[in-house]
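What follows is a single structure, written as structure tokens, with notes after it.
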Amino acid sequence: MTDRAPGDPSPRRVDRAGLVIAFALAVLAVVLVFDAFRLPPGAMYGVGPGAMPLVVAVGLGLLAIGNLIDALRGNMPPRESADPKPVLLILGGLALLIAIIGFGGGFILATSALFVATSAAFGRRALLIDAAIALVLSTLIFLAFDKLLTLSLPTGPLERLL
Numbered sequence: 034m035t036d037r038a039p040g041d042p043s044p045r046r047v048d049r050a051g052l053v054i055a056f057a058l059a060v061l062a063v064v065l066v067f068d069a070f071r072l073p074p075g076a077m078y079g080v081g082p083g084a085m086p087l088v089v090a091v092g093l094g095l096l097a098i099g100n101l102i103d104a105l106r107g108n109m110p111p112r113e114s115a116d117p118k119p120v121l122l123i124l125g126g127l128a129l130l131i132a133i134i135g136f137g138g139g140f141i142l143a144t145s146a147l148f149v150a151t152s153a154a155f156g157r158r159a160l161l162i163d164a165a166i167a168l169v170l171s172t173l174i175f176l177a178f179d180k181l182l183t184l185s186l187p188t189g190p191l192e193r194l195l
């Protein structure tokens, strides 16, 4: 006989996917800590470039602990069914971004391709309008980084016209 009353839900099981995610978060936190300590120390008030990676690593560590506890208790939320099409569209957009930059197409065209692919992954079907929006936004971002912040981004034919 069991101590459970009729109609009680069955005991929850350990969520293996949650354990894997907790482990991955912990590994990422350790990598960030390791890299943060390899950065040169800052000269101003003792805060250097390694401060923010440490803050992010602490946050990731806390997420890993929380995820581990929920996974061991079986408190993970139910998963929705996976649709591979949006993931493949975004991965294709990232591949396009890398290819366009690699072949000298520049920042504006590359980020525009990623924008259009991502909007399609989220279900938007106005590709021409999205391409126009992407070109305008990418150009504004390029100009902000290049002219205002004087940071160099990959240049291509469109960037040379600016």
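For the sequence shown, our numbering assigns the number 34 to the initial residue and increments by one for each residue that follows. For each residue, glycine too, the CB sits at the ideal point set by N, CA and C.
Mapping DSSP to helix, strand and coil, what is residue i?
{"i": "glycine 94", "result": "helix"}
{"i": "glutamate 113", "result": "coil"}
{"i": "phenylalanine 56", "result": "helix"}
{"i": "proline 190", "result": "helix"}
{"i": "proline 86", "result": "helix"}
{"i": "aspartate 68", "result": "helix"}
{"i": "serine 185", "result": "coil"}
{"i": "phenylalanine 178", "result": "helix"}
Taking all protein chains shown into account, do 16 or more other C-beta atoms lie within 10 angstroms of the C-beta of residue i, making it buried, or fewer, making it exposed?
{"i": "asparagine 108", "result": "exposed"}
{"i": "alanine 57", "result": "exposed"}
{"i": "phenylalanine 155", "result": "exposed"}
{"i": "alanine 132", "result": "exposed"}
{"i": "leucine 48", "result": "The identity of residue 48 in the sequence shown is aspartate, whereas the question assumes leucine. Aspartate 48 comes out buried."}
{"i": "leucine 93", "result": "buried"}
{"i": "alanine 115", "result": "exposed"}
{"i": "glutamate 113", "result": "exposed"}
Can you round the beta-carbon distance between residue i and residue j to whole angstroms, since I take them to be within the 8 angstroms contact cut?
{"i": "leucine 130", "j": "leucine 147", "result": "5 angstroms"}
{"i": "glycine 51", "j": "alanine 104", "result": "3 angstroms"}
{"i": "alanine 164", "j": "glycine 126", "result": "Not confirmed; about 12 angstroms, so no contact."}
{"i": "leucine 11", "j": "phenylalanine 178", "result": "Here the chain has residues from 34 to 195 only, and residue 11 is not among them."}
{"i": "alanine 90", "j": "alanine 55", "result": "15 angstroms between Cβ atoms; not a contact."}
Given 8 angstroms as the limit, tell me if residue i has its C-beta closer than that to any heavy atom belonging to the ligand MG.
{"i": "leucine 130", "result": "As far as ligands go, the structure on display features none, and thus does not contain the ligand MG."}
Stretch pair the stretch 158-174 + the stretch 132-145: three plus CB contacts closer than 8 angstroms: yes
Does the stretch 48-65 come into contact with the stretch 86-100, if we say contact requires no fewer than three beta-carbon pairs (one atom in each stretch) closer than 8 angstroms? yes
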